[in-house]
Amino acid sequence: GQQVMQIPQYQHVQEGEDFTTYCNSSTTLSNIQWYKQRPGGHPVFLIQLVKSGEVKKQKRLTFQFGEAKKNSSLHITATQTTDVGTYFCAGFSGAGSYQLTFGKGTKLSVIP
Amino acid sequence: ETGVTQSPTHLIKTRGQQVTLRCSSQSGHNTVSWYQQALGQGPQFIFQYYREEENGRGNFPPRFSGLQFPNYSSELNVNALELDDSALYLCASSWRGAETQYFGPGTRLLVL
């Protein structure tokens, strides 16, 4: 079945440093979604990318979808303590697919 | 907040018991998906309900079952609980055909 892998599993950064997490799927995705889960919380939807090569920005967050629609990345510029949490990518494998497959996430710690 | 509610918030059961978890979807959403999130892992798809019928299932045994009601709320039932069933159970609601899912706060189940 479809597998979604994320690296790194953990990342510790000094406040103000940049952070990037990478996501790779074993199959081509119809779209990719990113979620953030704060400690003790639930996943919160951040963004969805649909088109090959798509790049979207949300303030200090930049999301990219690969040309082959099998990989994606999330880059945070100048991290802040509010960025702490686990970032998950998740994808549907095809049009009409109902199963959202999540990666294991990247846990981000920000040292003040 | 997403408008998706779940009850109870926490639950402790013993092996072999049965449990029912409840989810009220966001207003206007007709599809509910259930996920299991073990500690340190990404959410894993259990199943999805649309129009009161199971619309797809992940790799979970038949002792995981569900219902969806005419008002689109849903229940997850787990029979013969095992220690490995200890996890955060998340429901997510969406509008059929729209792929963005909105997660509830989850139910933390501990099986002793």
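The listed protein sequences correspond, in order, to chains C and S. Using our numbering, read the first sequence as starting at 137 and increasing by one per residue. Using our numbering, read the second sequence as starting at 3 and increasing by one per residue. All C-beta atoms, glycine included, are put in the ideal place defined by N, C-alpha and C.
Beta-bridge partners of residue i, as assigned by DSSP
{"i": "S:T11", "result": "Note: S:T11 sits in no beta bridge, so no partner."}
{"i": "C:S161", "result": "C:V140"}
{"i": "S:Q28", "result": "In DSSP, S:Q28 forms no bridge with anything."}
{"i": "C:G221", "result": "C:L244"}
{"i": "C:T198", "result": "C:K193 and C:H211"}
{"i": "C:G227", "result": "C:I168 and C:T237"}
Cα-Cα separation, residue i to residue j
{"i": "C:E190", "j": "S:N61", "result": "31 Å"}
{"i": "S:C25", "j": "C:K192", "result": "32 Å"}
{"i": "C:K240", "j": "S:R53", "result": "30 Å"}
{"i": "S:G108", "j": "C:L182", "result": "18 Å"}
{"i": "S:L114", "j": "S:Y51", "result": "29 Å"}
{"i": "S:S67", "j": "S:Y74", "result": "16 Å"}
{"i": "S:D87", "j": "C:F155", "result": "33 Å"}
{"i": "C:S158", "j": "S:E55", "result": "It is worth fixing the name first, because residue 158 of chain C is Tyr in this sequence and not Ser. Answer to the nearest angstrom: the Cα atoms are 36 Å apart."}
{"i": "S:L78", "j": "S:R65", "result": "10 Å"}
{"i": "S:P10", "j": "S:S76", "result": "13 Å"}
{"i": "C:F199", "j": "S:L85", "result": "38 Å"}
{"i": "S:V34", "j": "S:C93", "result": "7 Å"}
{"i": "S:P72", "j": "C:Y234", "result": "20 Å"}
{"i": "S:R17", "j": "S:L83", "result": "5 Å"}
{"i": "C:L197", "j": "C:S162", "result": "25 Å"}
{"i": "C:T213", "j": "C:E153", "result": "7 Å"}
{"i": "C:Q147", "j": "C:V220", "result": "10 Å"}
{"i": "C:Q139", "j": "S:V80", "result": "25 Å"}
{"i": "C:T215", "j": "C:Q145", "result": "17 Å"}
{"i": "S:Y104", "j": "C:F201", "result": "21 Å"}
Where the beta strand (DSSP E) containing residue i begins and where it ends
{"i": "C:G189", "result": "Element bounds for C:G189: n/a, residue is neither H nor E."}
{"i": "S:S35", "result": "T33 to Q39"}
{"i": "C:V149", "result": "Y146 to Q150"}
{"i": "C:Y90", "result": "Absent from the model: residue 90 of chain C. The displayed extent of chain C is 137 to 248, so no value can be given."}
{"i": "C:H211", "result": "N207 to I212"}
{"i": "C:T215", "result": "Neither: C:T215 is in no beta strand (DSSP E) and is coded neither H nor E."}
Within chain C, the residues that residue i reaches when beta carbons sit closer than 9 Å
{"i": "S:N32", "result": "Going along chain C, no residue has its Cβ under 9 Å from S:N32, so there is no contact; the nearest lies around 13 Å."}
{"i": "S:E56", "result": "Simply none; closest approach about 10 Å."}
{"i": "S:E77", "result": "The premise fails here: S:E77 is roughly 18 Å from chain C at the closest Cβ pair, so nothing lies under 9 Å."}
{"i": "S:F47", "result": "Y234, Q235, L236, T237 and F238"}
{"i": "S:Q43", "result": "F238, K240 and G241"}
is_contact[residue i, chain D] using C-beta, thresh 9 Å
{"i": "S:P10", "result": "Among the protein chains of the structure shown, namely C and S, there is no chain D."}
Per-residue contacts from residue i into chain C (C-beta, under 8 Å)
{"i": "S:L92", "result": "H178 and P179"}
{"i": "S:F62", "result": "Correct list: empty, because the minimum Cβ distance to chain C is about 12 Å."}
{"i": "S:P107", "result": "G177 and H178"}
Closer than 8 Å at the beta carbon, the chain S residues around residue i
{"i": "C:Q147", "result": "Neighbours of C:Q147 on chain S: none; closest Cβ ~15 Å, over 8 Å."}
{"i": "C:Q184", "result": "E101 and T102"}
{"i": "C:G152", "result": "Residues of chain S passing the Cβ test: none, with the nearest at roughly 27 Å."}
{"i": "C:N250", "result": "Since the first residue shown for chain C is 137 and the last is 248, residue 250 of chain C is missing from the structure and cannot be characterised."}
Contacts that residue i makes with chain S (C-beta to C-beta distance below 9 Å)
{"i": "C:F228", "result": "E101"}
Considering only residues of the stretch 44-111 of chain S, which uninterrupted beta strand (DSSP E) runs meet the minimum length of 3 residues and lie entirely inside it, listed in chain order?
46-52, 55-59, 66-70, 76-80 and 89-96
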